[in-house]
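Participant:
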């Protein structure tokens, strides 16, 4: 059920035929009956980074940029292109996690989705990589509140990955982006903007 | 009472993730927790997040109202997650001799070694085989 509401982007970076072959081989060994196992394999594929390009986005830079824009009540327009362009370069997945209204409590229907992310992060192909977890809201409500809430939600997803599913916390950084990096800027109240994204930020 | 529930949980965990059975994927474990405990968590522990490590405590405080199946399945899910984590940590140690024998020419990294071990899974030693299975890699 919850598996239907997530989308994932194809990576731009799956360059090596060898890698594709390897992934196909791994997929062949996965339990074919489990729907989520397929999702985890998709996540692995989409989160696999190229070995050469070291990403330049850091959690610290992102957090500062967004906090500054909200504090000054200034638009992020100038920087958004930069952020979006930088984030766009990274291997990534986008998932819809269901939270309780105006809260960072993860609803049970999303436990499996977060589990599928954990399945991917636990795979040896991704073992050495670190990831950025970003939380996003739409523009409904107060801008500063949205920023705080998105940080709490990104933290909640990180906590679940670490404490329930045993991912090494040193591999994960959570950043709330509030309503600052909309998926559909022309339709800012669209619920599709409420999303959690994972970005492969390299070896660190 | 608590001890008995624990025992039941362990027994079930033993049945579902026993010597030759495969562990659940983390996605399946999450789905099981949601299915058996989702309603109780939302109703009695609505302010407790699943990643806080306090959900089981909260459910136990509401023991009388929470369905016993929830405790059974929650513990089975956690046991399976732990078993899979341990298998993943131990697999390459348990498979070291086989890796040396069958995968000597493989360039380590990017799961190349795992791929080779899986290709050789019928001939690797039993402990290695079991670890690969429990790790959810085959």
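Protein chains in written order, with the working numbering: chain A, -2 to 201; chain B, 41 to 178.
The beta-carbon is built from N, C-alpha and C at its ideal position, and this holds for glycine as well.
1. Measuring straight from C-alpha to C-alpha, what distance separates residue 64(B) and residue 138(B)?
2. With 9 Å as the limit, tell me which residues of the region 131 to 160 of chain A have their beta carbon closer than that to any beta carbon of chain B; keep them in chain order.
3. What number of angstroms, rounded off, separates the C-alpha of residue 111(B) from the C-alpha of residue 95(B)?
4. Can you tell me the Cα-Cα spacing of residue 100(B) and residue 151(A), whole angstroms?
5. To the nearest angstrom, how far is it from the Cα of residue 42(A) to the Cα of residue 105(B)?
6. Which of the three DSSP states, helix, strand or coil, is assigned to residue 106(A)?
7. Going by the DSSP bridge assignment, what does residue 197(A) pair with across the sheet?
8. Tell me whether residue 143(B) sits in a helix, a strand or coil according to DSSP, three-state version.
9. Quick one: residues in its chain with C-beta nearer than 7 Å to the C-beta of residue 97(A), no 5 flanking neighbours on either side, listed in chain order?
10. If I'm right that residue 130(B) touches residue 171(B) with Cβ under 8 Å, what's the distance once you round it to whole angstroms?
11. Give the single residue among 121(A), 115(A), 62(A), 186(A) whose Cα lies nearest to the Cα of residue 137(A).
12. I want to see whether chain B comes within less than 8 Å of residue 90(A), judged by CB atoms only; does it?
13. I think residue 159(A) touches residue 91(B), with their Cβ atoms under 8 Å apart; what is that distance to the nearest whole Å?
14. So with Cβ pairs under 8 Å, would you call residue 82(B) a contact of chain A?
15. Given a threshold of 16 other Cβ atoms within 10 Å of its Cβ, counted over all protein chains shown, does residue 149(B) qualify as buried or as exposed?
16. Residues bridged to residue 171(A) by DSSP?
17. Buried or exposed for residue 184(A), going by 16 or more other Cβ atoms inside 10 Å?
18. Taking the straight line between their C-alpha atoms, what separation do you get for residue 193(A) and residue 180(A)?
19. Judging by CA-CA distance, which residue of 102(A), 134(A), 93(A), 133(A) is the nearest neighbour of residue 114(A)?
20. Less than 8 Å between CB atoms is the rule here; does residue 102(B) satisfy it with respect to chain A?
21. Which two residues bound the contiguous beta strand (DSSP E) that contains residue 91(A)?
22. Starting from the Cα of residue 144(A), find the closest Cα among 189(A), 125(A), 87(A), 101(A) and give me that residue.
23. What is the DSSP secondary structure of residue 192(A), reduced to helix, strand or coil?
24. How many angstroms separate the CA atom of residue 170(A) from the CA atom of residue 119(B)?
25. Could you tell me whether the Cβ atoms of residue 44(A) and residue 123(A) are closer together than 8 Å?
Facilitator: According to the structure data:
1. 25 Å
2. 152, 153, 154, 155, 156, 157, 158, 159, 160
3. 11 Å
4. 27 Å
5. 43 Å
6. helix
7. 128(A)
8. coil
9. 104
10. 6 Å
11. 186(A)
12. no
13. 7 Å
14. yes
15. exposed
16. 130(A)
17. exposed
18. 11 Å
19. 93(A)
20. no
21. 89 to 92
22. 101(A)
23. strand
24. 27 Å
25. yes
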